[in-house]
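Quick note on numbering: the sequence shown equals residues -5 to 128 in the working numbering. Cβ coordinates follow ideal geometry from the N, Cα and C atoms, glycine included. Bear in mind the structure is a predicted one, so any value in this text is a computation, not a measurement.
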Amino acid sequence: MKDHQIQVRVRYSETDQMGVVYHGNYVPYFEIGRVEWLRNKGISYKSMEESGIALPIVSMNINYKKSARYDELLTVHTTFKSQSSVKIEFDCAIYNESDELLTTAQFILVFLSLKTGRPTAPPGYILELLKTIE
């Protein structure tokens, strides 16, 4: 399955004086979504790093539609878009408790060898997983 959803509650420290989520705090919400997308597919990001592979973001595009607010329960949608050679792409969205679209984002990440610091092909187990959901 290409999609995964996870809920995150807005904490007070993530907001400004008006109770609105600071724009930079959406990036960690999306990171939670991507890490949990992998976990849901049986891939631990921690064990991937322990085996010498990281997945840093090389491009992100975020569109803010409506503000998230303190104590709202947000639903982060993460959708696998594509994978090519050393890159993987995700489309993401965040909805509030009223199912209103708050934010959309597109991320491109690169498989990186922690040993060389250079892009590398994804491990075989990830390629096998991606074949089953494309």
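Straight-line gap, Glu66 to Gly118 (C-alpha atoms, nearest Å): Distance between the alpha carbons of Glu66 and Gly118: 39 angstroms.
Closer than 8 angstroms is the cut-off here; do at least three beta carbon pairs connect the region 54 to 61 with the region 70 to 80? Output reads no: the region 70 to 80 does not touch the region 54 to 61.
Given a threshold of 16 other Cβ atoms within 10 Å of its Cβ, counted over all protein chains shown, does Arg28 qualify as buried or as exposed? Arg28 is buried by the Cβ-count criterion.
Using C-beta distances below 7 angstroms, list every residue in its chain close to Tyr136, excluding the 5 sequence neighbours before and after it, in chain order. Look at the range of the chain in this structure, -5 to 128, and you will see that residue 136 is not part of it.
Can you tell me whether His(-2) is buried or exposed? The criterion is at least 16 other CB atoms within 10 Å of its CB, across all chains shown. His(-2) should be labelled buried.
CB Gly14 to CB Glu8, shorter than 7 angstroms? Checking the sequence shown, residue 14 turns out to be Val, not Gly. With a cutoff of 7 angstroms on beta-carbon distance, Val14 and Glu8 are scored as not near each other.
Taking only three categories from DSSP, how would you classify Met(-5)? If DSSP states are grouped into helix, strand and coil, Met(-5) belongs with coil.
Specify the secondary structure class of Thr126 as computed by DSSP and reduced to three states. The answer is helix: DSSP assigns Thr126 an H, G or I state.
Sub-7 angstroms separation of Thr97 and Asp85 beta-carbons: No, Cβ-Cβ distance for Thr97 and Asp85 is not below 7 angstroms.
Who are the near neighbours of Pro116 in its chain, counting only those whose CB is closer than 8 angstroms to its CB and skipping five residues on each side? These residues qualify, in order along the chain: Ile47, Gln77, Val80, Ile82, Phe105, Leu124.
Buried or exposed: Ile127, going by 16 or more other Cβ atoms within 10 Å of its Cβ? Its Cβ having fewer than 16 others within 10 Å, Ile127 is exposed.
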